[in-house]
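Quick note on numbering: my numbering labels position 342 of the sequence shown as 342, and the sequence is numbered without any gaps. The beta carbon of each residue, even a glycine, is placed where N, CA and C say it ideally should be.
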Amino acid sequence: MGSRGCSFGGSNLGEHPRCAFTNRAELIALLQLATAEPLALETPQNAPALVSKRKLSTIEGEEVKKHNTRDSAWVVIDGVVFDVTKFLEGHPGGEEVLLEHLGKDISPIFSRIHASDVLQKTIDSLGVVGLLSKKSADVLEVVPAVEGEEEIEARRSNLPDPEYVINLGEFEKMAKEVLGEDSRAWRFFSSFADDGATYKASKNSFSFLRFLPRVNIPVSQISTATSYLGNSTPIPLPILICPTGASASGHPDGELNMTRASSLSGIPQIVSTMSSVSFSDLAAERDRLVKEEGRKKAPLWWQLYIKQDRKESEKSIQIAAEAGAEAIVITVDVASIGKREADAPRGKLSGGVAASGSKVFDGKRPRLTLFPLSTADMSWADIDWVKKHAPGVPVLVKGINTVEDVILAKKHGARGVFLSTHGGRQLDHSPPPMATLVRLRKERPDLLKDENFDVFIDGGVHRGTDVLKALCLGAKGVGLGRTFLYAQTCYGDAGITRAKQILAGEIESGMKLLGARSVKELKPEMIELLPGLVGEQMK
1 MGSRGCSFGG SNLGEHPRCA FTNRAELIAL LQLATAEPLA LETPQNAPAL VSKRKLSTIE
61 GEEVKKHNTR DSAWVVIDGV VFDVTKFLEG HPGGEEVLLE HLGKDISPIF SRIHASDVLQ
121 KTIDSLGVVG LLSKKSADVL EVVPAVEGEE EIEARRSNLP DPEYVINLGE FEKMAKEVLG
181 EDSRAWRFFS SFADDGATYK ASKNSFSFLR FLPRVNIPVS QISTATSYLG NSTPIPLPIL
241 ICPTGASASG HPDGELNMTR ASSLSGIPQI VSTMSSVSFS DLAAERDRLV KEEGRKKAPL
301 WWQLYIKQDR KESEKSIQIA AEAGAEAIVI TVDVASIGKR EADAPRGKLS GGVAASGSKV
361 FDGKRPRLTL FPLSTADMSW ADIDWVKKHA PGVPVLVKGI NTVEDVILAK KHGARGVFLS
421 THGGRQLDHS PPPMATLVRL RKERPDLLKD ENFDVFIDGG VHRGTDVLKA LCLGAKGVGL
481 GRTFLYAQTC YGDAGITRAK QILAGEIESG MKLLGARSVK ELKPEMIELL PGLVGEQMK
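So this is what it looks like as structure tokens:
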């Protein structure tokens, strides 16, 4: 943040896309636009011309500390005092994270987990109280970007070199050790809905499919390359980096790690609406790496939650399209948020605030669910609505769990779908994506052969052989989210690169042992389905 400087490689403030504002003047100028009030700066000298000499009220730190209840909720971001009382229930990350930090300076944590354009998008929802008094700098508690960050970095530094990681499961175990089992970041990354039935079933679903390998086929030369969305540019592996929110809670550079790793491999990255880094900043980083280091211009796709405020979503769509998004992926399975109990308070909240009987909660227990990320009134017509605001950009639908909805997505003009259960974080006891893929293979194999319609899956993948099973059944590619999230938590972009190397080795070896020399030679005949994966649909 502006008042603290940038911690990335010793860069000056504003030279790195993880910084929210280039300086305090920029934030004050933004407030000027939002409040229609002429503001003045005590610092710095280079205030924008639109800022006059009239000042906002100066607020003392002791006064800020008093406003730490649901009825009067203040926070400080980069020296500006905000009243977030009306914003609590609408906070996309849930009200708990704000409730425990009321009356404090949240600049470091805000900068870490939010993209640089978030405040600009939400400024109208916040009440601007005034500027924090300079002499109050030491009065307020400053919420760190990550709890125990020094300890986390120490544990990270003790990890073995990434080349010693031999399977994807090790990244998960090490990420848990690095972050700490009780940390908010780990609970968020690893959480699932209700009892975790879908989460567990997704991981186990691949065991219901068994290979039928062919032998005596020359496989000294094979190709793992494919292509997506009718694009002639080859993708080196049939995988994608799926969208995950708040990646910077695991590693300071967050989604930048994924962009940097993608630029080495050429694998597409799907950027979450809840990304810690804005799509525009990620696109700029990718283009910089292409220009300065000669890396690959890996595809960047944009994952979209259509919000209740359609104008906000329109703006996001247009920004992503103008920044070069090669596809827009609409997430459709969040009409409500699954009950993720791991995200709920545990006796004490991180930071030591009691979860019950505290002044913050006024005797009320925080909600166990997050505020809906998407409008509950979506329809299939929204595919055309997105296309209207991003002409020429392919639109896909993510969160499909039935053959019927695959058919409807195709009918309404989607370029493809993701068979997905949101990582098992939404409706528990939904079918694993592989079960939906099997059902689709049986009932509508034509949709898996359509060159103008790509079917992807994500969820439960932990081996290269899992990828091969999905491709044998007709999936165009396989997305991984948590795997890369855990890998970057441990090693930054080097972890993602290592995860990709592990997958590449397992996919190549598996193809040779199957007798497939290219992705196109992976066929349903190479798979047998064991009983128990697909149930009987009730009529």
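First and last residue of the uninterrupted alpha helix (DSSP H) at residue i
| i | result |
| --- | --- |
| F484 | 482-491 |
| K449 | 445-449 |
| I109 | 107-113 |
| D466 | 464-472 |
| R288 | 279-293 |
| I166 | Note, I166: premise wrong, no alpha helix (DSSP H); not H, not E. |
| L140 | Per DSSP, L140 belongs to no alpha helix (DSSP H) and is neither H nor E. |
| V81 | That residue, V81, is in no alpha helix (DSSP H); its beta strand (DSSP E) goes 80-83. |
| L408 | 403-411 |
N-terminal and C-terminal residue of the beta strand (DSSP E) that residue i is part of
| i | result |
| --- | --- |
| E528 | 527-529 |
| I152 | No beta strand (DSSP E) holds I152; the alpha helix (DSSP H) holding it covers 149-157. |
| V271 | 269-271 |
| V329 | 328-331 |
| R310 | That residue, R310, is in no beta strand (DSSP E); its alpha helix (DSSP H) goes 310-322. |
| L88 | No beta strand (DSSP E) contains L88, which DSSP labels as neither H nor E. |
| Q426 | Taken as a continuous stretch (DSSP letters only), Q426 belongs to no beta strand (DSSP E), as it is neither H nor E. |
Neighbourhood of residue i by C-beta, 6 angstroms cutoff - its chain only, sequence neighbours within 5 removed
| i | result |
| --- | --- |
| K296 | S263, G266 |
| A225 | P234, P236 |
| V142 | D105 |
| V165 | R498 |
Secondary structure of residue i, DSSP reduced to three states
| i | result |
| --- | --- |
| A261 | helix |
| S220 | coil |
| K53 | At K53, the pLDDT of 35 sits below 50, so the modelled position is not reliable and the matter cannot be decided from this model. |
| G357 | Here the model assigns G357 a pLDDT of 36, short of 50, so the residue's position is not dependable and the matter cannot be decided. |
| W74 | strand |
| R184 | helix |
| F453 | coil |
| V129 | strand |
| V417 | strand |
| K398 | strand |
| G532 | coil |
| K523 | coil |
| I59 | strand |
| D384 | helix |
| G479 | strand |
| T244 | coil |
| T198 | helix |
| R214 | coil |
| L209 | strand |
| T233 | coil |
| F21 | Bear in mind that the predicted position of F21 carries a pLDDT of just 44, short of 50, making it unreliable; the figure below should be weighed with that in mind. Three-state DSSP puts F21 in coil, outside helix and strand. |
| S518 | strand |
| I239 | strand |
| Q303 | strand |
Whole-angstrom C-beta distance between residue j and residue i, which should lie under 8 angstroms
| i | j | result |
| --- | --- | --- |
| A201 | I113 | That pair is no contact at about 30 angstroms. |
| A435 | S205 | 6 angstroms |
| V80 | V128 | 7 angstroms |
| F208 | L529 | 7 angstroms |
| I527 | V467 | Wrong, their Cβ atoms sit about 13 angstroms apart, outside the cutoff. |
| H462 | K203 | 7 angstroms |
| I152 | L179 | 6 angstroms |
| L240 | I270 | 6 angstroms |
| F453 | G416 | 6 angstroms |
| A321 | A390 | 4 angstroms |
Chain-order list of residues whose beta-carbon lies under 8 angstroms from that of residue i (same chain, five-residue window excluded)
| i | result |
| --- | --- |
| G540 | Only positions 1 to 539 of the chain appear in the structure, and residue 540 is not among them; the question remains open. |
| S133 | T58, I59, E60, G61 |
| S358 | For S358, the predicted structure reports a pLDDT of 37, less than 50, and the residue's modelled location is therefore unreliable. The matter cannot be settled from this model. |
| H67 | A73, W74, D83, L102, G103 |
| S3 | Low per-residue confidence applies at S3: pLDDT is 34, beneath 50, and the placement is therefore not dependable, though the value from the model is reported in the following sentence. Excluding positions up to five away in sequence, the list reads R24, D78, G79, S107. |
| S540 | Missing from the structure shown is residue 540; the chain here goes from 1 to 539 and no further. |
| P218 | R517 |
| Q318 | H389, A390 |
Own chain, CB closer than 7 angstroms to residue i, minus 5 neighbours either side, in chain order
| i | result |
| --- | --- |
| S72 | T85 |
| A414 | I383, V395, L396, V397 |
| N257 | H251, Q488, G492, D493, I496 |
| F484 | I241, M258, I496, A499 |
| G324 | A283, L300 |
| L140 | G61, V64, K65, V76, K104, D105 |
C-beta neighbour in chain C for residue i, strict 7 angstroms
| i | result |
| --- | --- |
| S207 | Protein chain content of the structure displayed is limited to a single chain, and chain C is not contained in it. |
Do the stretch 527-538 and the stretch 495-503 meet, that is, are 3 or more Cβ pairs less than 8 angstroms apart?
-> Not touching, per the Cβ criterion.
Evaluate the contact criterion for the stretch 427-447 versus the stretch 167-177: three or more CB pairs, one atom per stretch, below 8 angstroms.
-> No, the stretch 427-447 is not in contact with the stretch 167-177.
Could you tell me whether the stretch 277-294 touches the stretch 511-530, using the rule of 3 or more Cβ pairs below 8 angstroms?
-> Under the 8 angstroms Cβ criterion, the stretch 277-294 does not count as touching the stretch 511-530, having fewer than three qualifying pairs.
Is the number of C-beta pairs between the stretch 309-319 and the stretch 285-296 that are closer than 8 angstroms three or more?
-> The stretch 309-319 is not in contact with the stretch 285-296.
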